[in-house]
Amino acid sequence: MKIATWNVNSVRTRLVQVTHWLQENQVDVLCLQETKVVDESFPRSSFTDLGYETYIYGQKSYNGVALISRSPLSEVSMSFGAILPESIVGDLDEQKRVITGVLDGVRVVNLYVPNGSAIDSDKYIYKLHWLKVLREYLQALLQQSSSLLVCGDFNIALEDIDIHDPKNRSKQVMATDAEREALRNVLSLGLSDAFRKFTQEGGNFSWWDYRTGAFRRNAGWRIDHHYVTPDLYEQAVSCTIDTTPRHLTQPSDHTPVVVEL
DNA sequence: ATGGCGAGAGGATCTCGA
Numbered sequence: 003m004k005i006a007t008w009n010v011n012s013v014r015t016r017l018v019q020v021t022h023w024l025q026e027n028q029v030d031v032l033c034l035q036e037t038k039v040v041d042e043s044f045p046r047s048s049f050t051d052l053g054y055e056t057y058i059y060g061q062k063s064y065n066g067v068a069l070i071s072r073s074p075l076s077e078v079s080m081s082f083g084a085i086l087p088e089s090i091v092g093d094l095d096e097q098k099r100v101i102t103g104v105l106d107g108v109r110v111v112n113l114y115v116p117n118g119s120a121i122d123s124d125k126y127i128y129k130l131h132w133l134k135v136l137r138e139y140l141q142a143l144l145q146q147s148s149s150l151l152v153c154g155d156f157n158i159a160l161e162d163i164d165i166h167d168p169k170n171r172s173k174q175v176m177a178t179d180a181e182r183e184a185l186r187n188v189l190s191l192g193l194s195d196a197f198r199k200f201t202q203e204g205g206n207f208s209w210w211d212y213r214t215g216a217f218r219r220n221a222g223w224r225i226d227h228h229y230v231t232p233d234l235y236e237q238a239v240s241c242t243i244d245t246t247p248r249h250l251t252q253p254s255d256h257t258p259v260v261v262e263l
């Protein structure tokens with residue numbers, strides 16, 4: 003089973019690139035983030051024409067996630083509120099960032115973690131709170147299923163080797179101690195980084211800033227991840243970053259990460 | 001040290017991303 007995660011930065015702008023990639027890379031589930039489109043306007047037929055099922059959860063202009071699956075998924079749900087009580091979720095579901103479904107006994111969770119903007123901003127506080135609620139959400143899912151694959155754009159580089167230039171990282175959003183601690187607290191549920199089963203070296207990134215020629219310089223960050231429970235970690239046979247789409251003209255600033263179980 | 005680029009909304013120039 004192959005699962006891919008890709009923040010496409012607008013599914014409509016990237017539609018040709020995404021469908022082409024899907025034809026070249028026969029993944030079972032493609033997890034999209036930042037689709038940036040309401041459900042009524044999601045380009046479903048481009049995917050159904052290729053034989054894929056679409057499960058979408060979008061909003062106007064911002065955020066939005068989708069599962070593109072070769073086989074029908076079961077137990078599909080969107081939002082924290084589908085699993086957790088309103089008293090815990092509060093208003094977090096106003097931003098569409100969570101979708102999940104089950105394929106062959108594996109629960110796939112597709113996340114678009116908040117960016118956080120800047121330290122000391124309200125959005126940074128929001129991000130840390132969101133990660134606390136994420137832990138509750140995943141804990142609830144783990145009570146239903148022991149095989150969990152949590153992937154997406156986490157907007158966090160967990161280790162210094164996940165950043166091209168880690169100096170000053172303590173002041174940089176996506177790399178602060180508080181963000182890393184919040185993510186490690188999530189992973190303490192029993193989730194491990196599938197990519198690090200196979201690759202220990204730095205210099206492997208999944209996002210490069212559009213500005214300053216960051217991709218040419220490989221000045222990137224590894225912030226798109228596949229975190230899996232021990233059974234799936236054992237089953238994983240590869241986890242790779244496909245930089246091919248990032249070379250295209252008018253690319254997303256992220257590139258796909260693929261895990262094979 | 002700062003800003004760089006790109007997308008959406010809307011119809012000039014904002015906000016937002018990371």
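Note that our numbering gives residue 249 to position 247 of the first sequence, counting from 1, and the numbers run on in steps of one. C-beta atoms are modelled at their ideal positions from N, C-alpha and C, and glycine is treated no differently. Only a predicted model underlies this, so the values are computations on that prediction, with no experimental measurement involved.
Annotation for T231: no alpha helix (DSSP H) segment contains it, and DSSP assigns it neither H nor E.
With respect to the 8 Å criterion, L144 and L136 are not classified as neighbours on the basis of their beta carbons. The beta carbon of V78 sits closer than 6 Å to the beta carbons of Y57 and G103 from its chain, once the five residues preceding and following it are set aside; these are given in chain order.
R109 sits close to S147, with the two beta carbons spaced by under 8 Å. In the structure shown, Y59 adopts extended strand secondary structure according to DSSP, grouped into three states.
DSSP places K38 outside both helix and strand once states are collapsed to three, so it counts as coil. Put simply, of Q25, Q141, L24 and E88 the residue whose alpha carbon is nearest the alpha carbon of V188 is Q141.
Excluding the 5 residues flanking it on each side, W210 has same chain C-beta neighbours closer than 7 Å at A216, F217, A221, G222, R248 and D255, in chain order. The residue among G205, D51, V230 and S43 with its C-alpha nearest the C-alpha of T15 is S43. With respect to N112, C33 sits close: the two C-beta atoms are nearer than 8 Å.
Taking Q35 as reference, the option from V261, T257 and L263 with the minimal CA-CA separation is T257. A120 carries a coil assignment under DSSP once its states are collapsed to helix, strand and coil. Sixteen is the threshold: when 16 or more other Cβ atoms of the shown chains lie within 10 Å of the Cβ of F207, as they do, the residue is buried.
When the Cα atoms are used, P45 and T21 turn out to be separated by approximately 11 Å.
In the three-state reduction of the DSSP assignment, G92 falls in the coil class, being assigned neither a helical nor a strand state. Contact between S81 and V100 holds, since their C-beta atoms are separated by about 6 Å, short of 8 Å.
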